[in-house]
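*Asks:*
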Amino acid sequence: MAAAAAGAEPGPVVGAAAAAAAGEEEPGPGAPCAAPLRLARLPLARVKALVKADPDVTLASQEAVFVLARAAELFVETIAKDAYVYAQQGKRKTLQRKDLDNAIEAIDEFAFLEGTLD
Amino acid sequence: MAERPEDLNLPNAVITRIIKEALPDGVNISKEARSAISRAASVFVLYATSCANNFAMKGKRKTLNAGDVLSAMEEMEFQRFVAPLKESLEGNRREQKGKKEARKDKDKKADSEEQDKSREEENDDDDERMEEEEQNEEEEVDN
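Quick note, the sequences are listed as chains A and B, same order.
Per the working numbering: the first sequence = residues 1 to 118.
Per the working numbering: the second sequence = residues 1001 to 1143.
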């Protein structure tokens, strides 16, 4: 008999920690199957694999990998929003590759992406 | 194993979710656009890592730390990321501290010293261990 979801939660510490890890103000209500975290999280292991790919990097702290993952999440949000402006201009509700290309060309901060996405 | 850094992808499901959360309801994203954004995110991490590493090297350190990444963000003109990143970092520190204390209690009960580091690389307070003991057996980030 499976333990009911309510009460089977490993303990308040996990829920709170998970919420804290999201870095958001919402502490989580402590209900079983805690309220969905607002932010999707990139797995640190994959980010770490990218960091390792750099031959000049010797070691990276857990915190560094964490901040990189979080920065990548912010980056995705940012570029999606910036690209969407172009979709709106084209009166479309679907973001397309060309919207992204336009954003990359127009916005200085995205210059590092030029030539890398093909 | 991926050969080239650019082939190291971040999971599609998570990327898609982040995009959807960023855009208004009812907005869709084409597969090509999603895949390009995913790739862009990988390139971003690679570029940020390289940038951060320069700061570490300037500081004569071999271990990339969170501060280096924050400096990289400024260098890359993503200053607006710095404040939210610092907030998230605080949360991460609290979480790591909580885990460490939970582990200490567990160790006391088990009455044995940790020999193997935890397999979950994400949940380890690696930076403390790395700098103190320099044991990297399970820590995968060293080259």
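Cβ coordinates follow ideal geometry from the N, Cα and C atoms, glycine included.
I'd like to know if Lys1062 of chain B contacts chain A, where contact means its C-beta is closer than 8 Å to some C-beta of that chain.
*Replies:* In the second sequence, the residue the question calls residue 1062 of chain B occupies position 62. At least one chain A Cβ lies under 8 Å of Lys1062 of chain B.
*Asks:* Between Ile107 of chain A and Asp1107 of chain B, what straight-line distance do the alpha-carbon atoms span, to the nearest angstrom?
*Replies:* Here residue 107 of chain A refers to the residue found at position 107 when the first sequence is read from its first residue. Here residue 1107 of chain B refers to the residue found at position 107 when the second sequence is read from its first residue. Straight-line Cα distance between these residues: approximately 52 Å.
*Asks:* Does Ala60 of chain A come out as helix, strand or coil in the three-state DSSP assignment?
*Replies:* For the purposes of this step, residue 60 of chain A is taken as residue 60 along the first sequence, with counting starting at 1. Ala60 of chain A falls in the strand class under three-state DSSP.
*Asks:* Would you decide whether Glu1095 of chain B is buried or exposed? Buried here means 16 or more other CB atoms lie within 10 Å of its CB.
*Replies:* Indexing the second sequence from 1 puts residue 1095 of chain B at position 95. Buried: at least 16 other Cβ atoms inside 10 Å.
*Asks:* Got a sec? Which residues, its chain only, sit under 8 Å from Gly115 of chain A by beta carbon, not counting five neighbours each side?
*Replies:* Within the first sequence, residue 115 of chain A is the residue found at index 115, counting from 1. Within the same chain, Gly115 of chain A has no close Cβ partners at all.
*Asks:* For Val1069 of chain B, which residues from the same chain have a beta carbon less than 6 Å from its beta carbon, with the 5 sequence-adjacent residues on both sides left out?
*Replies:* Position 69 of the second sequence, counted from the first residue, corresponds to residue 1069 of chain B. So the qualifying residues of the chain are Ala1052.
*Asks:* For Asp1068 of chain B, which residues in chain A fall below 7 Å Cβ to Cβ?
*Replies:* Translated into the one-based positions of the second sequence, residue 1068 of chain B becomes position 68. Ala64, listed in chain order.
*Asks:* Using three-state DSSP, classify Leu95 of chain A as helix, strand or coil.
*Replies:* By 1-based counting over the first sequence, the position of residue 95 of chain A is 95. Of the three classes helix, strand and coil, the one that applies to Leu95 of chain A here is strand, per DSSP.
*Asks:* Out of curiosity, what's the CA-to-CA distance linking Arg1039 of chain B and Ala1083 of chain B?
*Replies:* Residue mapping note: residue 1039 of chain B aligns to position 39 of the second sequence, counting from 1. Residue mapping note: residue 1083 of chain B aligns to position 83 of the second sequence, counting from 1. Roughly 25 Å separates the two Cα atoms.
*Asks:* Cutting at 6 Å between CB atoms, please list the residues of its own chain near Asp99 of chain A, excluding the five before and the five after it.
*Replies:* Against the first sequence, residue 99 of chain A aligns to sequence position 99. The answer, listed in chain order, is Ala83, Tyr86 and Ala87.
*Asks:* Taking the CB atoms as reference points, tell me whether Leu95 of chain A and Ile1015 of chain B lie closer together than 8 Å.
*Replies:* For the purposes of this step, residue 95 of chain A is taken as the residue at position 95 of the first sequence. For the purposes of this step, residue 1015 of chain B is taken as the residue at position 15 of the second sequence. In this structure, Ile1015 of chain B does not lie closer than 8 Å to Leu95 of chain A by Cβ.
*Asks:* If you draw a straight line from the alpha carbon of Arg97 of chain A to that of Ile104 of chain A, how long is it in whole angstroms?
*Replies:* Within the first sequence, the letter at position 97 stands for residue 97 of chain A. Within the first sequence, the letter at position 104 stands for residue 104 of chain A. Cα to Cα, the separation comes out at about 11 Å.
*Asks:* Measuring straight from C-alpha to C-alpha, what distance separates Lys1060 of chain B and Ala111 of chain A?
*Replies:* Position 60 of the second sequence, counted from the first residue, corresponds to residue 1060 of chain B. Position 111 of the first sequence, counted from the first residue, corresponds to residue 111 of chain A. Cα to Cα, Lys1060 of chain B sits roughly 29 Å from Ala111 of chain A.
*Asks:* Please list, in chain order, the residues of the stretch 45 to 65 of chain A that have any C-beta partner in chain B closer than 8 Å.
*Replies:* Under the 8 Å Cβ criterion, the stretch 45 to 65 of chain A contributes Ala45, Arg46, Val47, Lys48, Ala49, Leu50, Val51, Lys52, Ala53, Asp54, Pro55, Asp56, Val57, Thr58, Leu59, Ala60, Ser61, Gln62, Glu63, Ala64 and Val65.
*Asks:* Scan the stretch 67 to 78 of chain A for residues whose Cβ lies nearer than 7 Å to a Cβ of chain B and list them as they occur along the chain.
*Replies:* Within the stretch 67 to 78 of chain A, the qualifying residues are Val67, Leu68, Arg70, Ala71, Ala72, Glu73, Leu74, Phe75, Val76 and Glu77.
*Asks:* Please report the straight-line C-alpha distance between Ala72 of chain A and Arg1017 of chain B, rounded to a whole angstrom.
*Replies:* For this step, residue 72 of chain A is matched to residue 72 along the first sequence. For this step, residue 1017 of chain B is matched to residue 17 along the second sequence. Spanning the two alpha carbons is a distance of roughly 13 Å.
*Asks:* Quick one: is Ala1110 of chain B near chain A, going by C-beta distance under 8 Å?
*Replies:* In the second sequence, the residue the question calls residue 1110 of chain B occupies position 110. No, Ala1110 of chain B does not count as interfacial toward chain A.
*Asks:* Report buried or exposed for Gly1091 of chain B, applying the criterion of at least 16 other Cβ atoms within 10 angstroms of its Cβ.
*Replies:* Stepping through the second sequence from its first residue, residue 1091 of chain B is reached at position 91. Buried, because 16 or more other Cβ atoms sit within 10 Å of the Cβ of Gly1091 of chain B.
*Asks:* For a contact defined as C-beta to C-beta under 9 Å, what are the partners of Gln96 of chain A on chain B?
*Replies:* Residue 96 of chain A sits at position 96 when you count from the first residue of the first sequence. In chain order: Ile1029, Ser1030, Glu1032 and Ala1033.
*Asks:* How many angstroms separate the CA atom of Val65 of chain A from the CA atom of Val57 of chain A?
*Replies:* Mapped onto the first sequence, residue 65 of chain A falls at position 65. Mapped onto the first sequence, residue 57 of chain A falls at position 57. For Val65 of chain A and Val57 of chain A, the distance between alpha carbons rounds to 12 Å.
*Asks:* Taking the alpha-carbon positions, what's the Asn102 of chain A to Leu50 of chain A distance?
*Replies:* On the first sequence, residue 102 of chain A is found 102 positions in, with the first residue counted as 1. On the first sequence, residue 50 of chain A is found 50 positions in, with the first residue counted as 1. Taking the straight line from one Cα to the other gives about 26 Å.
*Asks:* Out of curiosity, what's the CA-to-CA distance linking Lys1100 of chain B and Ser61 of chain A?
*Replies:* Along the second sequence, one-based indexing puts residue 1100 of chain B at 100. Along the first sequence, one-based indexing puts residue 61 of chain A at 61. Whole-angstrom Cα-Cα distance: 16 Å.
*Asks:* Residues of chain A with a CB under 7 Å from the CB of Ser1042 of chain B: which are they?
*Replies:* In the second sequence, residue 1042 of chain B corresponds to position 42, counting from 1. By Cβ distance, chain A contributes Leu50.
*Asks:* Quick check on DSSP: helix, strand or coil for Thr116 of chain A?
*Replies:* Here residue 116 of chain A is taken as the residue at index 116 of the first sequence, counted from 1. Residue state, collapsed to three classes: coil.
*Asks:* In chain A, what lies closer than 9 Å to Ser1050 of chain B by C-beta?
*Replies:* Stepping through the second sequence from its first residue, residue 1050 of chain B is reached at position 50. Residues of chain A passing the Cβ test: Asp54, Asp56 and Val57.
*Asks:* I need the DSSP call for Asn1012 of chain B, collapsed to helix, strand or coil.
*Replies:* Position 12 of the second sequence, counting from 1, holds the residue named residue 1012 of chain B. Three-state result, Asn1012 of chain B: helix.
*Asks:* Rounded to whole angstroms, what is the Cα-Cα separation between Ala34 of chain A and Lys1058 of chain B?
*Replies:* Along the first sequence, one-based indexing puts residue 34 of chain A at 34. Along the second sequence, one-based indexing puts residue 1058 of chain B at 58. Annotation note: pLDDT 43 at Ala34 of chain A (below 50); position unreliable, coordinate value reported separately. Using only the alpha carbons, I get a separation of about 43 Å.
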